[in-house]
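Engineer:
Protein chains: 2
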Amino acid sequence: MRVLGVDPGLTRCGLGAVEGRPGAPLSLVAVGVVRTPADDDIGSRLVAIEAGIEHWLDEVKPDSVAVERVFAQHNTRTVMGTAQASAVAIVCAARRGLPVTLHTPSEVKAAITGSGTADKKQIGAMVTRLLRLSATPKPADAADALALAICHVWRSGAQNRMAEALARARAGKGAGR
Amino acid sequence: MRVLGVDPGLTRCGLGAVEGRPGAPLSLVAVGVVRTPADDDIGSRLVAIEAGIEHWLDEVKPDSVAVERVFAQHNTRTVMGTAQASAVAIVCAARRGLPVTLHTPSEVKAAITGSGTADKKQIGAMVTRLLRLSATPKPADAADALALAICHVWRSGAQNRMAEALARARAGKGAGR
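In order, the protein sequence lines correspond to chains C and P.
When you number the first sequence by this note's numbering, it's gap-free, plus one each residue, and the end is 189.
When you number the second sequence by this note's numbering, it's gap-free, plus one each residue, and the end is 189.
#1: Assess contact between the region 161-181 of chain P and the region 29-39 of chain P, defined as three or more Cβ pairs (one per stretch) separated by less than 8 Å. Is contact present?
#2: Can you tell me whether Met-92 of chain C is buried or exposed, with buried defined as 16 or more other CB within 10 angstroms of its CB?
#3: What's the C-alpha gap between Leu-16 of chain P and Ala-130 of chain C?
#4: Where do the N-terminal and C-terminal ends of the alpha helix (DSSP H) with Ala-123 of chain C fall, by residue?
#5: Under 6 Å Cβ to Cβ from Asp-75 of chain C, same chain only, skipping five residues before and after it: list those, please.
#6: So, is the C-beta of Glu-62 of chain C closer than 9 Å to a C-beta in chain P?
#7: Output the distance between the C-alpha atoms of Gly-26 of chain C and Gln-171 of chain P, rounded to the nearest integer angstrom.
#8: Taking only beta-carbon positions, decide if Ser-56 of chain P is within less than 9 Å of chain C.
#9: Below 7 Å between beta carbons is the criterion; list the residues of the region 32-53 of chain C that meet it against any residue of chain P, in chain order.
#10: Do the region 127-143 of chain C and the region 153-162 of chain C make contact, defined as three or more Cβ pairs closer than 8 Å?
#11: Which chain C residues are close to Met-192 of chain P, counting only those with a beta carbon under 8 Å from its beta carbon?
#12: Quick check on DSSP: helix, strand or coil for Gly-64 of chain P?
#13: Quick check on Val-82 of chain C: does DSSP put it in helix, strand or coil?
#14: In three-state terms, what does DSSP make of Ala-183 of chain C?
#15: Can you look up Thr-48 of chain C in the DSSP assignment and give me helix, strand or coil?
#16: Can you tell me whether Gly-28 of chain C is helix, strand or coil according to DSSP?
#17: Taking only beta-carbon atoms, is Met-13 of chain C less than 9 Å away from chain P?
#18: Under 8 Å by Cβ, that's how I've got Val-46 of chain P and Gly-64 of chain P pegged, so tell me the actual separation to the nearest angstrom.
#19: Could you tell me if Glu-71 of chain P is buried or exposed, where buried requires 16 or more neighbouring beta carbons within 10 angstroms of its beta carbon?
#20: Measure from the C-beta of Pro-149 of chain C to each C-beta in chain P and report whether the shortest distance is under 9 Å.
#21: Can you check whether the C-beta of Arg-167 of chain C is within less than 9 Å of a C-beta belonging to chain P?
#22: Per DSSP, Thr-113 of chain P is paired with what?
#23: Looking at the strands, I want to know which residues DSSP matches up with Gly-2 of chain P.
#24: What in chain A is Cβ-close to Ile-102 of chain P, meaning under 8 Å?
#25: Nearest to Ala-42 of chain C by alpha carbon, out of C:Lys-73, C:Cys-104 and C:Val-120?
#26: Please state the DSSP three-state secondary structure of Gly-169 of chain C.
#27: Comparing the C-beta of Arg-107 of chain P with each C-beta of chain C, is any distance below 9 Å?
#28: Tell me, please, which residues DSSP counts as bridged to Leu-16 of chain C.
#29: Using a Cβ-Cβ cut-off of 9 Å, state whether Arg-189 of chain C counts as contacting chain P.
#30: Taking the straight line between their C-alpha atoms, what separation do you get for Thr-94 of chain P and Ile-54 of chain P?
#31: List the residues that DSSP assigns as beta-bridge partners of Leu-40 of chain P.
#32: Going by the CB atoms, is the gap between Val-100 of chain P and Asp-156 of chain P shorter than 9 Å?
#33: Cβ atoms of Cys-104 of chain P and Leu-69 of chain P: under 9 Å apart, would you say?
#34: Return the Cβ separation of Arg-57 of chain P and Asp-153 of chain P in integer angstroms, given the expectation that the two are a contact with Cβ distance under 8 Å.
As structure tokens, then:
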């Protein structure tokens with residue numbers, strides 16, 4: 013499966029796509045950021061982010077999109093912009109009929125590093141290792157977007173295995189009756 | 013000028029359009045809400061809000077759009093959804109090249125009632141009076157959207173008068189040299 017991860021933000025919106033499946037090596041498809049000038053009005057910034065994400069969806073053609081879940085209790089100065097950028101990413105994906113999943117920062121950290129409280133450096137190091145890259149993707153928003161995409165591949169795998177196990181259990185019960 | 017006011021929300025997004033200019037009676041163009049089911053996923057809800065707002069922009073053909081400014085310190089349970097719905101409204105307007113202005117709830121209350129801390133009932137009563145309606149628009153989100161639009165007409169008037177006065181002052185200075 014090919015997943016596009018989005019680390020939403022107005023100033024820097026991280027985008028990272030990976031290809032892979034649980035239990036097999038993952039590969040990097042593309043990574044980068046969409047930037048908008050801080051002194052532009054909010055309308056222009058959101059329209060620019062929309063255009064950037066549309067371009068990425070056209071190029072990357074993901075099977076699904078993973079977006080970081082934004083919480084209100086975080087840095088209140090930037091949280092509104094982050095929530096607005098995330099809305100644009102969600103709309104762009106959903107109107108193409110792509111499945112959109114939100115993952116919390118701690119879910120992503122736990123999936124990638126084993127610790128829900130890992131720092132940026134650890135995330136960057138694990139993304140670099142898991143995708144067998146020669147250098148850590150910069151800026152951190154780009155690495156975070158890849159971490160989201162990797163987390164999504166792995167969590168979908170876990171969910172699929174759970175669904176398959178349940179289906180087998182149900183089928184087994186049915187057959188045993 | 014014709015203004016579309018948007019009181020953003022996921023469950024109920026209030027929309028209200030008025031026609032008028034400062035110092036003259038205002039008239040109601042249209043009022044209503046776009047609703048999305050609380051148990052739908054966030055992607056479907058934002059796409060439905062986008063479709064609703066696009067429809068309103070097509071029908072109402074406003075000269076500008078006024079959206080309520082969302083603050084992080086408000087009700088944290090719903091604030092993220094409100095911020096995301098506002099992002100959709102801003103993108104819909106901005107990508108048509110329509111000017112988008114954000115007004116805070118207290119700016120709207122002060123403009124309509126004279127008090128920045130007026131309650132919903134007072135807002136409803138003043139919207140009804142100012143637009144010479146026979147009944148208060150329901151739900152409150154619809155009345156709030158009209159209040160935003162009225163606030164915008166009046167504030168633009170004040171801003172225009174300020175700009176004109178400055179232009180006259182500059183012209184006067186130039187002529188006096």
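Idealized CB from N, CA, C, for every residue including glycine.
Remember, it's a predicted structure, so these values are computed and weren't measured experimentally.
Structural biologist: By the coordinates alone:
#1: The region 161-181 of chain P vs the region 29-39 of chain P: in contact.
#2: Around the Cβ of Met-92 of chain C, a 10 Å sphere holds 16 or more other Cβ atoms; the residue is buried.
#3: Taking the straight line from one Cα to the other gives about 45 Å.
#4: Note, Ala-123 of chain C: alpha helix (DSSP H), 117-125.
#5: Result list for Asp-75 of chain C: Met-13 and Arg-14, in chain order.
#6: Yes, Glu-62 of chain C lies at the interface with chain P (some Cβ there is under 9 Å from its Cβ).
#7: Inter-residue distance for Gly-26 of chain C and Gln-171 of chain P is about 38 Å (C-alpha atoms, whole angstroms).
#8: Taking 9 Å as the CB threshold, Ser-56 of chain P lines the interface with chain C.
#9: Flagged: no residues at all.
#10: These segments touch.
#11: Because chain P in this structure spans residues 13 to 189, residue 192 of chain P falls outside the shown range and cannot be described.
#12: Under the three-state reduction of DSSP, Gly-64 of chain P is assigned to helix.
#13: Val-82 of chain C falls in the coil class under three-state DSSP.
#14: Helix at Ala-183 of chain C.
#15: Here Thr-48 of chain C carries a coil assignment [DSSP, helix/strand/coil].
#16: The DSSP-derived three-state label of Gly-28 of chain C is strand.
#17: No, Met-13 of chain C lies away from the interface with chain P (no Cβ there is under 9 Å from its Cβ).
#18: Yes, Val-46 of chain P and Gly-64 of chain P are in contact; Cβ-Cβ is about 3 Å, under 8 Å.
#19: By the 10 Å Cβ count, Glu-71 of chain P comes out exposed.
#20: Chain P, which has no Cβ nearer than 9 Å to the Cβ of Pro-149 of chain C, makes this no.
#21: No, no contact with chain P.
#22: Bridge partners of Thr-113 of chain P: P:Ala-78.
#23: What the structure shows of chain P is the stretch from 13 to 189, and residue 2 of chain P is not part of that stretch, so it cannot be assessed.
#24: As a matter of chain content, chain A is missing from the structure shown, whose protein chains are C and P.
#25: Comparing Cα-Cα distances from Ala-42 of chain C to each of C:Lys-73, C:Cys-104 and C:Val-120, the minimum goes to C:Lys-73.
#26: Gly-169 of chain C: helix per DSSP, three-state reduction.
#27: Yes - at least one Cβ of chain C is within 9 Å of the one on Arg-107 of chain P.
#28: Residue pairing from DSSP places Leu-16 of chain C in a beta bridge opposite C:Ala-29 and C:Val-77.
#29: Residue placement at Arg-189 of chain C is flagged as unreliable, the pLDDT there being 39, under the threshold of 50; a coordinate-derived value is accordingly withheld.
#30: Per the coordinates, the alpha-carbon of Thr-94 of chain P lies some 12 Å from the alpha-carbon of Ile-54 of chain P.
#31: P:Val-30, per the DSSP bridge assignment.
#32: Taking 9 Å as the Cβ cut-off, Asp-156 of chain P and Val-100 of chain P do not qualify as a contacting pair.
#33: With respect to the 9 Å criterion, Leu-69 of chain P and Cys-104 of chain P are classified as neighbours on the basis of their beta carbons.
#34: Contact between Arg-57 of chain P and Asp-153 of chain P does not hold, since the beta-carbon distance rounds to 15 Å and is not under 8 Å.
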